[in-house]
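*Asks:* With our numbering applied, the sequence shown corresponds to residues 22 to 684, in that order. Ideal Cβ positions, reconstructed from N, Cα and C, are used throughout, including at glycine. Here you go, one structure.
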Amino acid sequence: MTLTELRALLDKKVKAAAESNFSVKLENIVAEVPPKTELGDLAFPVAFELAKQIKQQTGEKANPRAIGETLKAAIEGVPGVARVEVAGAGYLNIFFDRAEFLSQNIKHAPAAPAERAKVCIEHTSVNPNKAAHIGHVRNSVLGDTFARILTATGKSVEIQNYIDNTGVQVADVVVGFLYLEGRDLASVKALDAELTASGKRFDHYCWDLYARVGQEFQTNESLRERRAEVLHALEEGGNPTAEFADFVATRNVECILETMERLSIYYDLLPRESEILHLHFWDKAFEKMKQLGVVRFESEGKHAGCWVMPFEEHSGTDEHEADKILVRSNGTVTYTGKDIAYQMWKLGILGLDFNYRPFRNDAGGDVWITTSEEGVATHPKFGGGEKIYNVIDTRQSYPQEIVKKGVAAISPERGLSASVHLSYEMVALSPSAAEELGFKLSDDDRKRTFIEMSGRKGLGVKADDLIDRLEANAYAEVASRHPDESEDEKRHIAHQLAIGALRYFLLKFTRTTVIVFDFKEALSFEGETGCFCQYSAVRANSIFRKLAEKGESIDSLLPNLADSKNVNEVFAGEGGNEIWALIALASRLEETLQQAASANEPAILAKYTFNLARAFNLFYHNHKIIAEADETRRAVLVSAAHFASRSLKAALADLGIEVPAKM
């Protein structure tokens, strides 16, 4: 019986006892993990809640400790429970049968949940006008990790990367190619081939061009007028400018996906904004909204001629008023309006679908893209999720709220809970990291806590440059530790360390925390870092490698766990509580994943992973695992290492972090 199954059985027993003895129906039972295993494995403060409800129902005071004694009698004898104690004023402390738990769980990891409800996660969604930057990396790592967490908790997850190929950012780069550089489509294709042949990147070239265009816009009014013309042509489609922009956007998407593949981030579908426009998704959504009275036409005031979402929140606040506009007075649709139509499609309530074609195949499988053309007849079923998660930064919180409320107004049966905004704060650089990446800082800059970035001003860090620098730093460390290793292996390990360091650094902070990235801190082998967690997993692997060299395995040691009396004596003896604490912590991975999924917070899993790695390292230092002479104790020690290794590697995999062969 797994920890989750045992907890569910205890909950059931407590609820039944509360109803039969006190006529109180409990909806949820709160459980706490005591700070020390000596105090128990679970603590239920349920007696206090029962006393409160009894007084509400009868008007009479009830003694929580007496209630606890009644519940204790109901729980004693539950399989897997060694004893129950009533502590303090009425806490119910549960002690598991350690030997029984070990024997039942040593061979098998918890089975995957049977539930396979579909959810959709949209993340990355980089404007396809230039290379991805460090902020996009945080978005993508958060989205990818949350997708892994939901998959581990039994969801069927579809990952979407929205491509805004008709927006102003793409228009700006097209303006740069057409009017600053005087290129046509054939010239840009030749440039792309030339860059590729020389080992350079098209999206990196566009990065610099976008910054140049931004500078030129400040003084060149005629160029700004060109932008409006180009943007109109992109939205209209079916013209040479739109064809030009399609090539630029598609090449940038291909490059961005290559960057994300370096981080082990993959996608199922790339929905494009051009199809939302050309397949009339908005028109269908707009008609529904007008029929239901969800939108209102403004005939006077500053929004005269616009269709708006008439929510009262923030009314009169200039900062948010524009976000309520779905159709401008000139008839163009806002981002918020298009997002509502897209969200309706994701939930399967729009009544229209895209056309699809294969885009590429990578290590994550087939990636599909939407198309304005006929598309292929046979394709996976996309969209139609029961819940939708959008990974978008905190600056978009209010527009996301409008989208959520708009969809809920259209489909009350799905409600507000169907749309979840996974918001996150920005990523900045420490002054030392900024200088390492080539930024020229003033003395005042060096005194600042962090350096902010701006892609339009050219003050940004390309994701590839960040990864390259991390890999170079990791390679220097690997080469010094393993000079005789092959060049390919050194670079492979350096890549694993670099990606592990980056992903963990971006995940260990809660989503609402501003991250100040620092190379030295991220790549440290000590403290709360990805490298430390990887190091602990490598150490755990070394135990089983040494065991195999002796011709032994976890299976061959299982007979030594057969006598539960001897096993429990090991747990009761010197260091037994520490050994059990490691097993108990390792057994809480499933519970931790559920918590991270419920709270929409990957940092919960990251913190658990570090705590498990730290607990294993202490265990490794304090016990002679392979050399232990007592056969039962040796089997228990190896079993504890097995529990820790299994959960640590699974947790790292859910964080998207690989375990190297050596450190």
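1) Any idea what DSSP makes of G89, helix, strand or coil?
2) Closest to D383 by CA distance: which of A362, V158, C276, I88 is it?
3) Along the chain, where does the beta strand (DSSP E) containing C276 start, and where does it finish?
4) Could you give the first and the last residue of the continuous alpha helix (DSSP H) run that contains K128?
5) Ignore the nearest five residues each way along the sequence and tell me which others in V51's own chain have a CB closer than 8 Å to its CB.
6) By how many angstroms is the C-alpha of L373 removed from the C-alpha of V107?
7) With distances taken Cα to Cα, identify the nearest neighbour of L230 among H513, V588, L201, D267.
8) Identify every run of the alpha helix (DSSP H) within the region 48–89, keeping only runs that are complete inside it and at least 4 residues long; order them along the chain.
9) For L291 and P149, I'd like the C-alpha separation in whole angstroms.
10) With the cut-off set at 8 Å, would you say A249 and V195 are in Cβ contact?
11) With respect to the alpha helix (DSSP H) encompassing T391, which residues constitute its N-terminal and C-terminal limits?
12) Out of curiosity, what's the CA-to-CA distance linking I625 and Q312?
13) What's the C-alpha gap between Q190 and A602?
14) Does the distance from the CB of L443 to the CB of R317 come in under 8 Å?
15) Examine chain B for any beta-carbon lying closer than 8 Å to the beta-carbon of N382, and answer yes or no.
16) Does the region 646–665 come close enough to the region 486–498 to have 3 or more Cβ pairs within less than 8 Å?
17) Could you pull out every residue in the same chain whose Cβ sits closer than 7 Å to the Cβ of N494, ignoring the five residues on either side in sequence?
18) Along the chain, which unbroken stretches of the alpha helix (DSSP H) at least 4 residues long are found entirely within the region 421–487?
19) So S585 is in the alpha helix (DSSP H); what residue range does that whole segment cover?
20) Distance, Cα to Cα, S666 vs Q616?
21) Please tell me whether H174 and E296 are closer than 8 Å, where the distance is taken between their beta carbons.
22) Here's the rule I'm using: 16 or more other beta-carbon atoms within 10 Å means buried, otherwise exposed. How should V588 be labelled?
23) Would you please state the rounded distance, in angstroms, between the beta carbons of E294 and N376? I believe it to be under 8 Å.
24) Using DSSP with H/G/I as helix, E/B as strand and the rest coil, what is P580?
25) Short check: CB of V424 to CB of F471, under 8 Å?
26) In whole angstroms, give me the CA-to-CA distance for I678 and H513.
27) Just to confirm, is the Cβ distance from Y410 to V388 under 8 Å?
28) Does F565 come out as helix, strand or coil in the three-state DSSP assignment?
29) Just the C-alpha distance for K345 and E422, rounded to the nearest angstrom, thanks.
30) Judging by CA-CA distance, which residue of Y183, G109, T415 is the nearest neighbour of E446?
31) Near E282, what residues of its chain come up, given a Cβ to Cβ distance below 6 Å and the 5 sequence neighbours on each side ignored?
32) Y288 bridges to which residues according to DSSP?
33) Counting C-beta neighbours from all protein chains within 10 Å, is the total for N49 16 or more, i.e. buried, or is it exposed?
34) Using the beta-carbon count (16 or more within 10 Å), is Q364 buried or exposed?
35) Tell me which residues share the same chain as L528 and place their Cβ nearer than 8 Å to its Cβ, disregarding the 5 neighbours each side in the sequence.
36) Provide the residue(s) that pair with K139 in DSSP beta bridges, ordered along the chain.
*Replies:* Considering the structure as presented:
1) Position 68 of the sequence shown holds residue 89. Three-state result, G89: helix.
2) Translated into the one-based positions of the sequence shown, residue 383 becomes position 362. Closest by alpha carbon: C276.
3) Within the sequence shown, numbered from 1, the residue matching residue 276 stands at position 255. No beta strand (DSSP E) contains C276, which is instead part of the alpha helix (DSSP H) from 261–283.
4) As a first step, residue 128 is located in the sequence shown; it is residue number 107 there, counting from the start. It is not in any alpha helix (DSSP H) - K128 carries neither H nor E in the DSSP assignment.
5) As a working mapping, residue 51 is identified with position 30 in the sequence shown. F65, P66, V67, E70, listed in sequence order.
6) Reading the sequence shown from its first residue, position 86 is the one you call residue 107. Reading the sequence shown from its first residue, position 352 is the one you call residue 373. The straight-line gap from Cα to Cα measures roughly 60 Å.
7) Counting from 1 along the sequence shown, the entry for residue 230 is found at position 209. Comparing Cα-Cα distances from L230 to each of H513, V588, L201, D267, the minimum goes to L201.
8) 67–79
9) What you label residue 291 is simply residue 270 of the sequence shown in a count that begins at 1. What you label residue 149 is simply residue 128 of the sequence shown in a count that begins at 1. About 12 Å.
10) One-based indexing of the sequence shown puts residue 249 at position 228. One-based indexing of the sequence shown puts residue 195 at position 174. No. Outside cutoff.
11) In the sequence shown, counting from the first residue as 1, residue 391 sits at position 370. Here T391 belongs to no alpha helix (DSSP H); instead the beta strand (DSSP E) covers 386–392.
12) Within the sequence shown, the letter at position 604 stands for residue 625. Within the sequence shown, the letter at position 291 stands for residue 312. Cα to Cα, I625 sits roughly 43 Å from Q312.
13) Position 169 of the sequence shown, counting from 1, holds the residue named residue 190. Position 581 of the sequence shown, counting from 1, holds the residue named residue 602. Distance between the alpha carbons of Q190 and A602: 53 Å.
14) Taking the sequence shown and counting its residues from 1, one reaches residue 443 at position 422. Taking the sequence shown and counting its residues from 1, one reaches residue 317 at position 296. For L443 and R317, no; Cβs fall outside 8 Å.
15) In the structure shown, chain B does not exist; there is a single protein chain.
16) no
17) As a first step, residue 494 must be located in the sequence shown, where it is residue number 473. Cβ within range, chain order: F540, L544.
18) 452–457, 464–467
19) As a first step, residue 585 must be located in the sequence shown, where it is residue number 564. Its alpha helix (DSSP H) spans residues 585–593.
20) Position 645 of the sequence shown, counted from the first residue, corresponds to residue 666. Position 595 of the sequence shown, counted from the first residue, corresponds to residue 616. Taking the straight line from one Cα to the other gives about 21 Å.
21) In the sequence shown, counting from the first residue as 1, residue 174 sits at position 153. In the sequence shown, counting from the first residue as 1, residue 296 sits at position 275. The sequence shown places Thr at residue 174, not His. No, they are not a contact pair.
22) As a working mapping, residue 588 is identified with position 567 in the sequence shown. Label assigned to V588: buried.
23) Within the sequence shown, numbered from 1, the residue matching residue 294 stands at position 273. Within the sequence shown, numbered from 1, the residue matching residue 376 stands at position 355. Not confirmed; about 15 Å, so no contact.
24) Numbered from 1 along the sequence shown, position 559 holds the residue referred to as residue 580. Looking at P580 - three-state DSSP - the assignment turns out to be helix.
25) Locating residue 424 in the sequence shown gives position 403, where the first residue counts as 1. Locating residue 471 in the sequence shown gives position 450, where the first residue counts as 1. For V424 and F471, no; Cβs fall outside 8 Å.
26) Residue 678 sits at position 657 when you count from the first residue of the sequence shown. Residue 513 sits at position 492 when you count from the first residue of the sequence shown. In a straight line, the C-alpha of I678 is about 13 Å away from that of H513.
27) For the purposes of this step, residue 410 is identified with residue 389 of the sequence shown, where counting begins at 1. For the purposes of this step, residue 388 is identified with residue 367 of the sequence shown, where counting begins at 1. No.
28) For this step, residue 565 is matched to residue 544 along the sequence shown. Correct three-state label for F565: helix.
29) Working through the sequence shown from its first residue, we reach residue 345 at position 324. Working through the sequence shown from its first residue, we reach residue 422 at position 401. The straight-line gap from Cα to Cα measures roughly 10 Å.
30) Working through the sequence shown from its first residue, we reach residue 446 at position 425. Considering only alpha carbons, the answer is T415.
31) In the sequence shown, the residue the question calls residue 282 occupies position 261. Cβ within range, chain order: D383.
32) The count along the sequence shown starts at 1 and reaches residue 288 at position 267. DSSP output for Y288 lists no bridge partner at all.
33) In the sequence shown, counting from the first residue as 1, residue 49 sits at position 28. It is exposed - the Cβ of N49 has fewer than 16 other Cβ atoms within 10 Å.
34) The residue given as residue 364 occupies position 343 in the sequence shown. Answer is buried; the Cβ neighbour count reaches 16.
35) As a first step, residue 528 is located in the sequence shown; it is residue number 507 there, counting from the start. Excluding positions up to five away in sequence, the list reads V162, L163, T166, P623, A624, L626, A627, L676.
36) Along the sequence shown, one-based indexing puts residue 139 at 118. For K139, which the question treats as bridged, DSSP gives the partners S177.
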